[in-house]
Amino acid sequence: MEKYQERLYWVVRRLVLDHDDANDVVQNCLIKVYRSIQSFEGKSQLYTWLYRIATNEAITFLNREKRRMSSSIDDESKHLSGKLQADSYFDGDEAQAKLYKAIETLPHKQKLVFNLRYFEEMNYEDMSNVLDTSVGALKASFHHAVKKIENHIRGYEAA
């Protein structure tokens, strides 16, 4: 499991943004893996199974956070953007910050597909196994995510 822990961390981190939250989600993921490793049937690669668990845990966390937050969407977006910039583990430049802010505006599924394809360089077949979604749907989701990110960044630069 240690072999995959850092990769899982970065998959989760790109979804939840905050270092401490990402660590918590990864720990929950690893607990689930240890409790259910006997159910791994070997029909896919181990990392595919682990990624599925990690992404599901991250989405569950995000949904819980979304319900917990009582502020408006604009306030939530500002909060998340500020959280990213204030995070001592974020060492990116302004362009990276713009990209991460744009990614944060995507729906969960598009964010997940974009992160797996762009950052993890995962091919569509593996993504299909991880997310249990057709390759065509994943390609469409990635395309829509890229367009939304481009539009967000263009709007950001115009302001």
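Residue numbers (the numbering used here): -13 to 145. In this text, a Cβ means the ideal position worked out from N, Cα and C, and glycines have one as well. Here the structure is a predicted model, which is why all the values come from computation and not from measurement.
Nonlocal neighbours in the same chain, by C-beta distance under 8 angstroms from Asp60, ignoring five residues either side: With a pLDDT of only 46 at Asp60, under 50, the local geometry of the prediction cannot be trusted, and no value is derived from it.
According to DSSP, is Thr41 part of a helix, a strand, or is it coil? helix
Where does Phe26 fall in DSSP's three states? coil
Three-state secondary structure (DSSP) at Glu136? helix
Mapping DSSP to helix, strand and coil, what is Asp4? coil
Using 8 angstroms as the threshold, is the stretch 36 to 54 in touch with the stretch 8 to 18, meaning 3 or more CB pairs across them? yes
Coil, strand or helix - Glu107 by DSSP: coil
As assigned by DSSP and simplified to three states, the class of Gln31: coil
In chain order, what residues of the same chain lie with their CB nearer than 6 angstroms to the CB of Arg103, ignoring the 5 residues before and after it? Phe128
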